[in-house]
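What follows is one structure encoded as structure tokens, with my remarks underneath.
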Amino acid sequence: MMANIIVVSMVENIGLSIIQQIHTILLPLLKPLTELLMGIFDTTAQTYPVDILRVLVSIPVLTYAMVSDFNTRRVSNEAWIPLFVFGFLFIILDLVTGKTQILLPWIISNIAAGTTLGYILYKTRLFGGADFKAIAGFSVLFPTYPLLITFPLSLPPIAPPPYNVINLFSLTIMSNTVLIAALYPLYLFVHNMMQNNSKSILIQLTARKDTLACVVEKHGKILPLWTLDSDNDSTLRNIVNYFKFIQSGIDIKLISEYIEWYNQQYKTNINSFDEVETVTLSEFLESDYNKDSNGDTRWVLSDNGDTAEQALERLTNKSSVWYTPGIPFLIPLGLGLVTALTFGDLFFAIVW
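Numbering (the UniProt record's numbering), first residue to last: 1 to 352.
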């Protein structure tokens, strides 16, 4: 036990020594910049000037990411570079002004918590790759609760270790995001009830019904409801199995790309999948059209009891289908960040 205490003490002393050395080296270089920032912003109003810069960096990145995610459900990797570059630069500025020396454990914990939790959600397929990079980037850009005049309006209570995890800003962003994203299933449920689309409550909360011609222009997955024994709740009583069922759906983008390939292969000019005369999906999956620039296969259908052709042939006989809309998750994530910066922690405002 005594040996552990000695080791921890040595690590802390080494860490403080490194911080002091960095502070000594960088202070003469960055002091003019920090003095300029302090002069521009009114620090008497509880505003930390570097946090203003953090917000200014986040606005264009967040705007581009939300628009790109909404239009294509994709965001380029380069979009997140400013979050990490400026994030670490601002941490150095924090170091010069003394903020980092006081809150260094919070900064490390915030970055570690945001990155780790985001990675876990990504590996469990609850997050997309862009969502993981976004939360990791914002964890670096906002390593502590920002001070913006009177914002945030509501902060979680200061808790002692180990419960002080609730005071990490990255977790506030994520909890706000989850609460905002939870509104969408409620919207789907109300929409389906108003349209008299009677199905299992789980389907009503996660999917919507539309014509096949309209669906192929959207994002998401078509639910293979024909693989279910019944539409009753008893069929879907296991929520985990239901979400596995969703993953077995047919990606809408696959159908739209199949139509493009079909037109090229058979010299046709069809615009809707229900105009396909003979489904030849296996031929499409094995073609060069289904290869990326590295020669890897892009589309692989999961086995839901049907062959690939049988699954799509069933669609050609349906005037309407149920599909799970591909939610652009960066939009609720962006709103989660905005509410965290302005209002604060929505979860603790509700339950505290």
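The beta-carbon is built from N, C-alpha and C at its ideal position, and this holds for glycine as well.
Lys253: member of the alpha helix (DSSP H) spanning 252-266, first to last residue.
Of the candidates Ile259, Leu315, Thr268, Asn269, the residue whose Cα lies closest to the Cα of Tyr289 is Ile259. Boundaries cannot be given for Arg73, as no alpha helix (DSSP H) includes it and DSSP labels it neither H nor E.
Short of 7 Å from the beta carbon of His191, and not among the five residues preceding or following it, lie these beta carbons of its own chain, in chain order: Arg208. The beta carbon of Pro185 is closer than 7 Å to those of Leu205, Thr206 in its chain, skipping five residues each way along the sequence. As computed with DSSP, Lys209 is found in a beta bridge with Trp322. The beta carbons of Phe284 and Leu212 sit no closer together than 8 Å.
For Lys221, the enclosing beta strand (DSSP E) starts and ends at 220-222. Between Ile135 and Ser170, the gap from beta carbon to beta carbon is short of 8 Å.
In terms of Cα proximity to Leu333, the closest of Ile252, Phe86, Ser139 is Ser139. Relative to the Cα of Gly336, the nearest Cα in the group Ser175, Phe348, Ile250 belongs to Ser175. Under the DSSP definition of a beta bridge, Lys199 lacks any partner. Straight through space, the alpha carbons of Ile222 and Leu281 are spaced by roughly 16 Å. Asp251 has its alpha-carbon roughly 33 Å from the corresponding atom of Phe84.
As the crow flies, the alpha-carbon of Thr124 is around 25 Å from that of Pro143. Apart from sequence neighbours up to five positions away, the residues of its chain that approach Val75 with a beta-carbon distance below 6 Å are Ala65, Ser68, Asp69, Ala130, ordered along the chain. Sixteen is the threshold: since fewer than 16 other Cβ atoms of the shown chains lie within 10 Å of the Cβ of Asn271, the residue is exposed. Scanning its chain for C-beta atoms nearer than 7 Å, with the 5 sequence neighbours on each side dropped, one finds around Phe347 the residues Ser175, Leu179, in chain order. Along the stretch 82-132, the alpha helix (DSSP H) occurs as fully enclosed runs of 4 or more residues at 99-123, listed in sequence order.
An exposed status is given to Ile81, since fewer than 16 other beta-carbon atoms sit within 10 Å of its beta-carbon. Counting along the chain, Phe284 sits inside the alpha helix (DSSP H) bounded by residues 281-286.
Note that the C-beta distance between Tyr242 and Leu147 is not below 8 Å. Residues Tyr289 of the same chain have their beta carbon placed closer than 8 Å to that of Gln264, with the five preceding and five following residues left out of the count.
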